[in-house]
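>
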Amino acid sequence: MSEEFISPDIHHEHVSHESEEKAHEGLNTKVIWKVFWILLGVTVFEVSISFTSVPKTILLYTFIALTIVKAYYIVGYFMHMKFEKIPMQWSILLPFVLIVYLIFILIYEGTALGLITL
Amino acid sequence: MAADTTVATKKSVWDGGHSPFNVRWGKLYMWIFLVSDAFTFSSLLVAYGTLRHRFTDIWPTPGEVFTHFPFIHGHVPLAYVGLMTFILIMSSVTMVLAVDAGHFMKRKSVQLWLGLTIVGGLMFLGSQAWEWYHFIEGSKGGAYVLADGRFARTDDLEPGVLKFHGGKSVEGAEAQALISTATKHIEGANLRENEYGNTPLFGNFFFFITGFHGFHVFSGVVINFIVFILVSKGALDRKKDYELVEKVGLYWHFVDLVWVFVFTFFYLV
Chain A
1 MSEEFISPDI HHEHVSHESE EKAHEGLNTK VIWKVFWILL GVTVFEVSIS
51 FTSVPKTILL YTFIALTIVK AYYIVGYFMH MKFEKIPMQW SILLPFVLIV
101 YLIFILIYEG TALGLITL
Chain B
119 MAADTTVATK KSVWDGGHSP FNVRWGKLYM WIFLVSDAFT FSSLLVAYGT
169 LRHRFTDIWP TPGEVFTHFP FIHGHVPLAY VGLMTFILIM SSVTMVLAVD
219 AGHFMKRKSV QLWLGLTIVG GLMFLGSQAW EWYHFIEGSK GGAYVLADGR
269 FARTDDLEPG VLKFHGGKSV EGAEAQALIS TATKHIEGAN LRENEYGNTP
319 LFGNFFFFIT GFHGFHVFSG VVINFIVFIL VSKGALDRKK DYELVEKVGL
369 YWHFVDLVWV FVFTFFYLV
């Protein structure tokens, strides 16, 4: 295994309470409420721009981008993923590459089927 | 970093003897379950996207379907689902505050925040029941399948007007003539047909995706309630370990996360 996975505080027999508590330093009540306001603000923004005359395609990509922003804050802060070890982060997040692939092939397929029958 | 530190020889984190993820097994197991559950929801939403692209010419516009709001007469598109999103995000915040209080073993504080999370979950479920009711009930006028095969919706706020997909509409005598020769009148929604568009798939996906998510919320409320009782009885104080709150917290945030995606891909776009 490469050097970057080795860090001194994981050479314990088990997960100690000190290292767990250290990991929670990034998340306190202030940060939690900050994340709440970001999530609320993004949602209000999404609902309000859905009524404007912005072109549909731009709206679509804006919504997808903002959804990923919201997912980042929920998984990263609320689910604490931002403060986990790097191998843990990769193990959980990497499989979702398959979903990106699934979206690509099936949306492409659906569009093609629609065009054939027109 | 005291007595329990092993001699730091140069060995890989994967050689055993310690946790390479620095996460206890229970929490890791919850994460593995959530990944598989996320795959299930992804498949449902991708299937929705595929068939929506296939039937792009007849698929209903969500902004014209979800227009009800309690005590308001008229069309208020998306406001109600916006409110539901707010309720769920709020309950996610109270849950993360409960987890935070658990790290400091503050039982009273955990009880308060976990209790509020349960209330938030019940509010969301109530909102969803209200939304399902209006989706199934539909409008007073319903929709018609015309003699030429076209699909036309009525609007309770503009009686006598027939609206087609894409914004075109007819009214007056012309609309009356079309209605009198219509082959089918659809009111509300079920698994076979719905008045929102000329495809049963829209209703099917609505019931299945929001229903599957709603069932997750329901299970989450039940699990939160069980943990609430355990906390109240002091079981976690005796164990000196509030990891259980953290684990149900992960599940609850996941339910919120899924709703963020359902909200975007079912209601917004």
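So the protein sequences, as listed, match chains A and B.
Under our numbering, the first residue of the first sequence carries the number 1, and numbering increases by one thereafter.
Under our numbering, the first residue of the second sequence carries the number 119, and numbering increases by one thereafter.
Yeah, the Cβ is synthetic: ideal placement off N, Cα and C, and Gly gets one too.
None of the values given here were measured: they were computed from a predicted structure.
For the alpha helix (DSSP H) that contains residue 190 of chain B, what are its first and last residues?
No alpha helix (DSSP H) holds residue 190 of chain B; DSSP gives it neither H nor E.
> Could you check the C-alpha separation between residue 138 of chain B and residue 152 of chain B for me, to the nearest Å?
Each residue's Cα considered, the two are about 20 Å apart.
> Taking Cβ positions only, does residue 271 of chain B come closer than 7 Å to chain A?
Not closer than 7 Å to any Cβ of chain A, the Cβ of residue 271 of chain B fails to qualify, so no.
> Measure the Cβ-Cβ separation of residue 145 of chain B and residue 365 of chain B and say whether it is below 7 Å.
It is a contact, given that the beta carbons lie within the stated cut-off.
> Could you confirm whether any beta carbon from chain A is found closer than 7 Å to the beta carbon of residue 327 of chain B?
Not one chain A Cβ lies under 7 Å of residue 327 of chain B.
> Who pairs with residue 261 of chain B in a beta bridge, going by DSSP?
B:271, B:304.
> Just checking: is the beta-carbon of residue 228 of chain B within a distance shorter than 7 Å of some beta-carbon in chain A?
No, residue 228 of chain B lies away from the interface with chain A (no Cβ there is under 7 Å from its Cβ).
> I need the straight-line Cα distance from residue 350 of chain B to residue 163 of chain B, nearest angstrom please.
Near 38 Å, if we compare the C-alpha coordinates of residue 163 of chain B and residue 350 of chain B.
> Would residue 336 of chain B and residue 232 of chain B qualify as a contact pair, given that the criterion is a beta-carbon distance under 7 Å?
Their beta carbons are not under 7 Å apart, which means residue 336 of chain B does not touch residue 232 of chain B by this criterion.
> Interface residues of chain B around residue 30 of chain A at Cβ under 9 Å?
None at all; the shortest Cβ gap to chain B is about 11 Å.
> What number of angstroms, rounded off, separates the C-alpha of residue 113 of chain A from the C-alpha of residue 278 of chain B?
Straight-line Cα distance between these residues: approximately 36 Å.
> Could you tell me which of B:241, B:317, B:285 sits nearest to residue 172 of chain B, measuring between CA atoms?
Of B:241, B:317, B:285, the residue nearest in Cα terms is B:317.
> DSSP state of residue 311 of chain B, grouped into three classes?
Looking at residue 311 of chain B - three-state DSSP - the assignment turns out to be coil, as it is neither helix nor strand.
> Please name the residue, chosen from B:178, B:292, B:199, that lies closest to residue 188 of chain B on a Cα-to-Cα basis.
When only C-alpha atoms are compared, the closest one is B:199.
> Within 10 Å of its beta-carbon, does residue 58 of chain A have 16 or more other beta-carbons around it, so buried, or fewer, so exposed?
The residue is exposed, with fewer than 16 neighbouring Cβ atoms inside 10 Å.
> With distance defined between alpha-carbon atoms, name the residue in A:107, A:111, A:48 nearest to residue 68 of chain B.
For residue 68 of chain B there is no data in the structure shown, the boundaries of chain B being 119 and 387.
> Return no unless some Cβ of chain A is closer than 7 Å to the Cβ of residue 174 of chain B.
Residue 174 of chain B counts as touching chain A.
> If you compare alpha carbons, which of B:383, B:253, B:384, B:236 is closest to residue 367 of chain B?
Minimum Cα distance to residue 367 of chain B is reached at B:236.
> When DSSP labels each residue in this structure, what does residue 278 of chain B get in the three-state scheme?
In this structure, residue 278 of chain B counts as strand in the three-state DSSP scheme.
> So for residue 288 of chain B, helix, strand or coil by DSSP?
Looking at residue 288 of chain B - three-state DSSP - the assignment turns out to be strand.
> Please tell me whether residue 168 of chain B has its Cβ less than 7 Å away from any Cβ of chain A.
Yes, because at least one Cβ of chain A sits closer than 7 Å to the Cβ of residue 168 of chain B.
> With DSSP collapsed to three states, give me the class of residue 1 of chain A.
At residue 1 of chain A, the pLDDT of 41 sits below 50, so the modelled position is not reliable and the matter cannot be decided from this model.
> Check for me: the alpha helix (DSSP H) holding residue 140 of chain B runs from which residue to which?
Careful: residue 140 of chain B lies outside any alpha helix (DSSP H) and carries neither H nor E.
> With a threshold of 7 Å between beta-carbons, can residue 42 of chain A be considered close to chain B, or not?
No, its Cβ sits nowhere closer than 7 Å to a Cβ of chain B.
> Alpha carbon to alpha carbon, how far is residue 257 of chain B from residue 333 of chain B?
Approximately 26 Å between the Cα atoms of the pair.
> Counting pairs of Cβ atoms below 8 Å between the segment 370 to 384 of chain B and the segment 82 to 93 of chain A, do you hit three or more?
Short answer: they don't touch.
> Determine, using beta carbons only, whether residue 263 of chain B and residue 301 of chain B come nearer to each other than 7 Å.
A contact, by the Cβ cut-off of 7 Å.
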